[in-house]
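**Student:** Residue numbers (the working numbering): 56 to 449. One structure is given below, represented as C-alpha cells, and several questions about it will come after.
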Amino acid sequence: GGRLQRALRSFSPPGGAAAQKITAMSLPPECSLEATPLPVCFAQAQAAYHWVDGSSLGGADPALQQRVADGLAFAEKAAELVSSLSVFSANEELEDINTGDLKYLLLPFLRAELILRIQPEEAAGCHDVRLKHLRHAAALLEAFLRDLEARRALRAEARAGWEEACADRPLDAAASRTLKVSRLRAASRAKKALEALEARARGAAAAASADRDDGDEEAGREAALVSLEACSHAALDSLRGVAQEQELLEAVASARRENGGSLPAPPPPPPRAEHETLPGLQQLSLAPGSRIEMRAGAGGRLSYGAVMEQLHTGEVPGLHSLSVEEGMRREEAERAMAEAERLRQMGTREEARRAREEKGYDTEEEEEELRKARAKDDWRDSHTRGAGNRRNRS
Numbered sequence: 056g057g058r059l060q061r062a063l064r065s066f067s068p069p070g071g072a073a074a075q076k077i078t079a080m081s082l083p084p085e086c087s088l089e090a091t092p093l094p095v096c097f098a099q100a101q102a103a104y105h106w107v108d109g110s111s112l113g114g115a116d117p118a119l120q121q122r123v124a125d126g127l128a129f130a131e132k133a134a135e136l137v138s139s140l141s142v143f144s145a146n147e148e149l150e151d152i153n154t155g156d157l158k159y160l161l162l163p164f165l166r167a168e169l170i171l172r173i174q175p176e177e178a179a180g181c182h183d184v185r186l187k188h189l190r191h192a193a194a195l196l197e198a199f200l201r202d203l204e205a206r207r208a209l210r211a212e213a214r215a216g217w218e219e220a221c222a223d224r225p226l227d228a229a230a231s232r233t234l235k236v237s238r239l240r241a242a243s244r245a246k247k248a249l250e251a252l253e254a255r256a257r258g259a260a261a262a263a264s265a266d267r268d269d270g271d272e273e274a275g276r277e278a279a280l281v282s283l284e285a286c287s288h289a290a291l292d293s294l295r296g297v298a299q300e301q302e303l304l305e306a307v308a309s310a311r312r313e314n315g316g317s318l319p320a321p322p323p324p325p326p327r328a329e330h331e332t333l334p335g336l337q338q339l340s341l342a343p344g345s346r347i348e349m350r351a352g353a354g355g356r357l358s359y360g361a362v363m364e365q366l367h368t369g370e371v372p373g374l375h376s377l378s379v380e381e382g383m384r385r386e387e388a389e390r391a392m393a394e395a396e397r398l399r400q401m402g403t404r405e406e407a408r409r410a411r412e413e414k415g416y417d418t419e420e421e422e423e424e425l426r427k428a429r430a431k432d433d434w435r436d437s438h439t440r441g442a443g444n445r446r447n448r449s
C-alpha cells in the first residue's frame, strides 16, 4: 500500500488532488544540487511545479519566482542525470520501460511549464527575454510530445491533437471544435481515473499486506500511463498558448525594429465634421422639459456613459429597460392575468348555461329542434320544389 501511494504521488496530473498535497522534500544543508540523486531531483522539480500551479500568488510574486527557479534547477539537473545514466534508449517503447522510470518521461513537460512561469522584470528588453523563454518552452513541449509519440504512449485523442499541431494546414472550425471537445473529455476521464486509483491506494494502505507487491506494481504502472495522458493534453494546450503569445510578441518586436526601437504612436482618429457623431448611440438630444435636461447641460445633450448608467433606472425617457428579475416578475404577472381571464370566461359560460336551465330549456327539446331544422335544410336541397334545389333554378 505504501509503495502504491508513493507511485501515485509521482504521477499526479496537473491540478490533481494529490498534486495539491505534494510538498518539497527537505534536503540536508550539506547536500548540494550536484550531489542530489535523480529520484530526489525529480521529486523536488515535480513538487515545485505542483506548488506553483496550485498557488494563488501573483505571477511576479518573489516567493513564487524563487520556487520556480528552484524547481527549474532541480528539473535541469534531473534531465542531465537521465541523459548521463542512459535511463531510456532511443528504440525503447513504452512497454519496455520500467514502471519506476516512467515518471522521468515527464521531465521535459515539467521544465517547459516552469519556464513558462518565469516573469522577466519590467525593463528594456523584457519582451525579448520572454520571447526567448517561449521558444525554449515550445521546443521542450514539442520534444515531450514527440518522445511520447515515438514510444507509442499517446492515446487516440492526444495523438489527433498532436497531428493537428504538426499539420501544415489548420483543420476547419467544426473539425477543430470536435477534436477539442474530445480531448477535454479524455483529459477529464484521465483525471477521474487517477482519483479512483488514489482512493484505491488509500484503501490498500489501510489493509496493507506482504503479498500485494504485484498489485502495487500494476496499479503504479496504470497511474503512470494515466498521468502521461493527462500531461500530454496539458502540453498540447500550453503549446497552443505559447504559439499565440509568441506571435504577438514577434509582431511587437517587428514594430519596434521598424520604428527605431520604440513602438509607433497610435494612428490619429479620422477627421469629423463639427456636428457629426460616431456610429452608434453616442449622444442623445433630450426633449425640453425632461427630468434630466438640467443635468444634461444647456445644449440638451446627454453623454453615452450617463445614459448607460441610467439605463435600468427609467430616468431616461423612452429608454427604460428591465433587469432579469423585473422581466421574470412581469412574465409571471402576465401569465397570472391570462389565467384569471380564462377563468372569468369559463365562469361566464357557466352562468349562461345556468340561466338557460332556469328558463326551463330542456336539452332533449333543443336537440329535437336542431334535428328538425337539419331535416328541413336537407329537404330544401334535394326536393324538386325546394328553394335550394339547383334544378329549380332558371
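A virtual CB, placed ideally from N, CA and C, is assigned to each residue, including glycine. Predicted, not measured: the structure shown is a model, and the values here were computed from it.
Quick one: what does DSSP say residue 116 is sitting in, helix, strand or coil?
**Tutor:** For this step, residue 116 is matched to residue 61 along the sequence shown. Correct three-state label for residue 116: coil.
**Student:** Can you tell me the Cα-Cα spacing of residue 234 and residue 285, whole angstroms?
**Tutor:** Position 179 of the sequence shown, counted from the start, is the residue given in the question as residue 234. Position 230 of the sequence shown, counted from the start, is the residue given in the question as residue 285. So the alpha carbons of these two residues sit roughly 16 Å apart.
**Student:** Give the DSSP-derived three-state secondary structure of residue 223 in the structure shown.
**Tutor:** The residue labelled residue 223 in the question sits at position 168 within the sequence shown. Reduced to three states, the DSSP call for residue 223 is coil.
**Student:** Taking all protein chains shown into account, do 16 or more other C-beta atoms lie within 10 angstroms of the C-beta of residue 212, making it buried, or fewer, making it exposed?
**Tutor:** What you label residue 212 is simply residue 157 of the sequence shown in a count that begins at 1. By the neighbour-count rule (16 or more Cβ atoms within 10 Å), residue 212 is buried.
**Student:** Check whether the Cβ atoms of residue 166 and residue 134 lie closer than 9 Å to each other.
**Tutor:** Numbered from 1 along the sequence shown, position 111 holds the residue referred to as residue 166. Numbered from 1 along the sequence shown, position 79 holds the residue referred to as residue 134. Yes.
**Student:** CA-CA distance, residue 251 and residue 221?
**Tutor:** One-based indexing of the sequence shown puts residue 251 at position 196. One-based indexing of the sequence shown puts residue 221 at position 166. Residue 251 and residue 221: Cα-Cα distance of roughly 33 Å.
**Student:** With a threshold of 16 other CB atoms inside 10 Å of the CB of residue 163, please say whether the residue is buried or exposed.
**Tutor:** Mapped onto the sequence shown, residue 163 falls at position 108. Buried is the call here.
**Student:** Can you tell me whether residue 309 is buried or exposed? The criterion is at least 16 other CB atoms within 10 Å of its CB, across all chains shown.
**Tutor:** Taking the first residue of the sequence shown as 1, we reach residue 309 at position 254. Exposed: under 16 other Cβ atoms inside 10 Å.
**Student:** Just the Cα atoms here: how many angstroms apart are residue 227 and residue 126?
**Tutor:** For the purposes of this step, residue 227 is taken as residue 172 along the sequence shown, with counting starting at 1. For the purposes of this step, residue 126 is taken as residue 71 along the sequence shown, with counting starting at 1. C-alpha separation (whole angstroms): 39 Å.
**Student:** Could you say which of 287, 156, 398 and 184 lies nearest to residue 214 if we only look at CA atoms?
**Tutor:** As a first step, residue 214 is located in the sequence shown; it is residue number 159 there, counting from the start. When only C-alpha atoms are compared, the closest one is 287.
**Student:** Measure the alpha-carbon distance for residue 239 versus residue 210 and round it to whole angstroms.
**Tutor:** Taking the first residue of the sequence shown as position 1, residue 239 is located at position 184. Taking the first residue of the sequence shown as position 1, residue 210 is located at position 155. Straight-line Cα distance between these residues: approximately 13 Å.
**Student:** How many Å lie between residue 140 and residue 282 at the Cα?
**Tutor:** Here residue 140 corresponds to residue number 85 of the sequence shown, with the count starting at 1. Here residue 282 corresponds to residue number 227 of the sequence shown, with the count starting at 1. Straight-line Cα distance between these residues: approximately 24 Å.
**Student:** State the Cα-Cα distance for the pair residue 91 and residue 298, rounded to the nearest angstrom.
**Tutor:** Counted from its first residue, the sequence shown places residue 91 at position 36. Counted from its first residue, the sequence shown places residue 298 at position 243. For residue 91 and residue 298, the distance between alpha carbons rounds to 35 Å.
**Student:** How would you label residue 293, buried or exposed, when you count the other beta carbons within 10 angstroms and need 16 or more for buried?
**Tutor:** Indexing the sequence shown from 1 puts residue 293 at position 238. With 16 or more other Cβ atoms within 10 Å, it is buried.
**Student:** Do residue 169 and residue 98 count as a contact pair if the criterion is CB distance below 9 Å?
**Tutor:** One-based indexing of the sequence shown puts residue 98 at position 43. One-based indexing of the sequence shown puts residue 169 at position 114. Taking 9 Å as the Cβ cut-off, residue 98 and residue 169 do not qualify as a contacting pair.
**Student:** Use the C-beta contact count for residue 192: other C-beta atoms within 10 angstroms, 16 or more gives buried, fewer gives exposed.
**Tutor:** If you number the sequence shown from 1, residue 192 lands on position 137. Under this definition residue 192 is a buried residue.
**Student:** Can you tell me whether DSSP reads residue 143 as helix, strand or coil?
**Tutor:** Within the sequence shown, numbered from 1, the residue matching residue 143 stands at position 88. Correct three-state label for residue 143: coil.
**Student:** Cα separation between residue 248 and residue 277?
**Tutor:** Position 193 of the sequence shown holds residue 248. Position 222 of the sequence shown holds residue 277. For residue 248 and residue 277, the distance between alpha carbons rounds to 9 Å.
**Student:** Suppose you measure from the CA of residue 232 to the CA of residue 216; what does that come to, to the nearest Å?
**Tutor:** The residue labelled residue 232 in the question sits at position 177 within the sequence shown. The residue labelled residue 216 in the question sits at position 161 within the sequence shown. Rounded to whole angstroms, residue 232 to residue 216 spans 11 Å at the Cα level.
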